[in-house]
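Written below as structure tokens is the structure these notes are about.
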Amino acid sequence: MATKTTSSSPSAIVIVGAAGRLGAALLSSYSKNHHVTGLKRAELDLADPESIRRALEPLEYDRLILPGAMTAVDYCEDHQDEAFAVNGEGPQLIAEISAAKGAHVTYISTDFVFDGLSDGSYTEAAIAEPLSVYGASKLKGEEYVLAASDRNLVARVSWLYGSGKTAFPEWIIGQASKQDQLALPEEKIGSPTYTEDVVEYLALLLGLDSGDPPASGIFHLSNTGQCTWQEWGQFCLDAAAAAGQSLKTRQIGGNRLKDIPAFVARRPVNSVLDTQKFTRHTGVTPRPWQDAMREHFAKTLGR
């Protein structure tokens, strides 16, 4: 889904983390109607304050979007200082530089700020109690960005996938092509979120089509509905089989998070984000995760 063409004045937008899955999608879409500068790690290193200053201080921009982050959850657990530098202190400096320019900042955050113990979906008002270093570092980034300006925006996403880089759908299909048996946690629930939809929903929050002032505070962005990791994996294998891919197994068994020894960091069992605030603000209800997945597979699997 692409940003619609309107008569509103083009914005000057900086995207930090333009080589990532979401950053690349934002750059591709928003460049059609706006003046966009995409900064990759070689041009702006979130762990290096001098790199941040060199990259941003000469630029003039209205909005900055920050999807760049250290997202390797288990790596963060063993590299706490680096995680907080990239996900917390770097965004803090970016927000301060941007505030001095009068520019709005959007910080892309995560469902990992929650402990996953809720019985229902998480609203923006729910208390954030991260279980991992990754979640704690992202929560600190949220706090720093919102403290720099009350105009700034935090957009939390969950179970993100999309074109450009391998994500869970591609990984599980690849595993099924090599292994006779597969199992995924049957107790972990969340809402898969399509990158292309996040691009559209952010455009609405930022007023890129309407010319309205950008939203501020915290918003949750995800596709609607929920599933377990096991159900998500099964949906992916069913789509791959229907597209004619050769799989050694077509069935995902169930296990528990504790059964995965490779996981160092604790993960929230419940990652379902409530998106009603977004709908009240924009009038748009995110589409079901299954519909978004079908569109993704139509592009990537040829059906």
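So for the sequence shown, the working numbering puts the first residue at -16; every next one is plus one. A virtual CB, placed ideally from N, CA and C, is assigned to each residue, including glycine. If you're wondering where the values come from, they're calculated on a predicted model, not measured in any experiment.
Give the range of the beta strand (DSSP E) segment to which His87 is assigned.
Taking the sequence shown and counting its residues from 1, one reaches residue 87 at position 104. Counting along the chain, the beta strand (DSSP E) containing His87 begins and ends at 87 to 93.
Any heavy atom of the ligand GDP within a distance shorter than 7 Å of the CB on Arg250?
For the ligand GDP, the structure offers nothing, since it holds no ligand at all.
Segment contact, 8 Å Cβ cut-off, at least three pairs: the stretch 216 to 224 with the stretch 129 to 148:
no
Own chain residues within Cβ distance below 7 Å of Leu129, not counting five before or after
Within the sequence shown, residue 129 is the residue found at index 146, counting from 1. Asn135, Val137, listed in sequence order.
Collapsed DSSP secondary structure at Arg24 in the structure displayed
Here residue 24 corresponds to residue number 41 of the sequence shown, with the count starting at 1. Arg24: coil per DSSP, three-state reduction.
So, Glu179 versus Gly145, is the Cβ gap smaller than 8 Å?
Along the sequence shown, one-based indexing puts residue 179 at 196. Along the sequence shown, one-based indexing puts residue 145 at 162. Yes, Cβ-Cβ distance for Glu179 and Gly145 is below 8 Å.
Should His353 and Asp257 be called a contact, given that it needs their Cβ atoms to be closer than 8 Å?
Absent from the model: residue 353. The displayed extent of the chain is -16 to 286, so no value can be given.
Excluding five sequence neighbours on each side, which residues of the same chain lie with their C-beta closer than 6 Å to the C-beta of Ile235?
For the purposes of this step, residue 235 is taken as the residue at position 252 of the sequence shown. Cβ within range, chain order: Leu165, Leu167, Gln213, Gly216, Gln217.
Residues of its chain near Gln162, where Cβ-Cβ distance is below 7 Å and the 5 sequence neighbours each way are ignored:
Stepping through the sequence shown from its first residue, residue 162 is reached at position 179. Here the set comprises Lys231, Thr232.
Is Leu256 helix, strand or coil when you go by DSSP?
Taking the first residue of the sequence shown as position 1, residue 256 is located at position 273. Strand, per DSSP.
Keeping to the same chain, check which residues put their C-beta closer than 6 Å to that of Gly6; ignore five residues upstream and five downstream.
The residue you call residue 6 lines up with position 23 of the sequence shown. So the list reads Ile(-2), Gly0, Pro50, once near-sequence residues are dropped.
CA-CA distance, Ala78 and Lys123?
Counted from its first residue, the sequence shown places residue 78 at position 95. Counted from its first residue, the sequence shown places residue 123 at position 140. Rounded to the nearest angstrom, the two C-alpha atoms are 13 Å apart.
Mind reading off the beta-carbon distance from Val252 to Ser104? Whole number of angstroms is fine, and I expect it under 8 Å.
The residue labelled residue 252 in the question sits at position 269 within the sequence shown. The residue labelled residue 104 in the question sits at position 121 within the sequence shown. The Cβ separation is near 13 Å, so there is no contact.
Candidates Leu9, Asn70, Glu125, of which the one nearest Val19 by Cα
One-based indexing of the sequence shown puts residue 19 at position 36. The shortest C-alpha separation from Val19 is found at Leu9.
Can you name the start and end residues of the alpha helix (DSSP H) that Ala159 belongs to?
Position 176 of the sequence shown, counting from 1, holds the residue named residue 159. Note, Ala159: alpha helix (DSSP H), 151 to 159.
Along the chain, which unbroken stretches of the alpha helix (DSSP H) at least 4 residues long are found entirely within the stretch 107 to 155?
Listed in chain order, the complete alpha helix (DSSP H) runs (minimum 4 residues) inside the stretch 107 to 155 are 116 to 131.
If distances are taken between C-alpha atoms only, which option among Gly237, Gln63, Ala52 comes closest to Arg125?
Here residue 125 is taken as the residue at index 142 of the sequence shown, counted from 1. The sequence as given places Glu at residue 125; Arg does not occur at that position. Answer by Cα proximity: Ala52.
Quick test of your reading: Leu47 and Ser81, contact by CB under 8 Å. State the CB separation rounded to the nearest angstrom.
The residue given as residue 47 occupies position 64 in the sequence shown. The residue given as residue 81 occupies position 98 in the sequence shown. Confirmed, about 5 Å.
Going by beta carbon distance, what residues of the same chain come within less than 7 Å of Gly73, once the five residues before and after it are set aside?
As a working mapping, residue 73 is identified with position 90 in the sequence shown. Counting only residues of its own chain and dropping the five nearest sequence neighbours on each side, Gly73 has a CB closer than 7 Å to the CB of Leu29, Ala30, Ile35.
Assign Ala(-5) to one of three DSSP states: helix, strand, or coil.
In the sequence shown, residue -5 corresponds to position 12, counting from 1. DSSP places Ala(-5) in strand when its eight states are reduced to three.
Using a Cβ distance threshold of 8 Å, determine whether the stretch 107 to 120 contacts the stretch 152 to 162, with at least three qualifying pairs required.
no
Assuming Pro152 contacts Trp272 (C-beta within less than 8 Å), just tell me the rounded distance between them.
As a first step, residue 152 must be located in the sequence shown, where it is residue number 169. As a first step, residue 272 must be located in the sequence shown, where it is residue number 289. Contact flag wrong, Cβ pair sits at about 11 Å.
Which class does Pro175 belong to by DSSP, given the choice of helix, strand or coil?
The residue given as residue 175 occupies position 192 in the sequence shown. Look at Pro175 here: in three-state DSSP terms it is coil, with no helix or strand label.
Are Asp94 and Gly173 touching if we call contact CB-CB under 8 Å?
Position 111 of the sequence shown, counted from the first residue, corresponds to residue 94. Position 190 of the sequence shown, counted from the first residue, corresponds to residue 173. Yes, these two residues count as a Cβ contact at 8 Å.
Counting only the same chain and skipping the five closest in sequence on each side, list residues whose C-beta sits under 8 Å from that of Leu76.
The residue given as residue 76 occupies position 93 in the sequence shown. If we look at Leu76 and ignore the five residues flanking it on each side, its Cβ neighbours are Pro32, Ile35, Arg36.
Using the Cα positions of Ser12 and Trp142, report the straight-line distance between them to the nearest angstrom.
Translated into positions along the sequence shown, residue 12 becomes position 29. Translated into positions along the sequence shown, residue 142 becomes position 159. In a straight line, the C-alpha of Ser12 is about 21 Å away from that of Trp142.
So, for Thr(-11): in the same chain, excluding its five sequence neighbours on each side, which residues have a beta-carbon less than 6 Å away from its beta-carbon?
Your numbering for residue -11 matches position 6 in the sequence shown. Only weak support is given to the placement of Thr(-11): the predicted model assigns it a pLDDT of 43, under 50, and the question is left unresolved by the model.
Ignore the nearest five residues each way along the sequence and tell me which others in Asn70's own chain have a CB closer than 6 Å to its CB.
For the purposes of this step, residue 70 is taken as the residue at position 87 of the sequence shown. The answer, listed in chain order, is Ala52, Met53, Ser120, Lys121, Gly124.
Please report how far the alpha carbon of Glu26 lies from the alpha carbon of Leu185, in whole angstroms.
Within the sequence shown, numbered from 1, the residue matching residue 26 stands at position 43. Within the sequence shown, numbered from 1, the residue matching residue 185 stands at position 202. Straight-line Cα distance between these residues: approximately 24 Å.
Within a Cβ cutoff of 8 Å, which residues of the same chain sit near Gln259, ignoring the five residues on either side of it in sequence?
The residue you call residue 259 lines up with position 276 of the sequence shown. Taken in chain order, the residues that qualify are Thr106.
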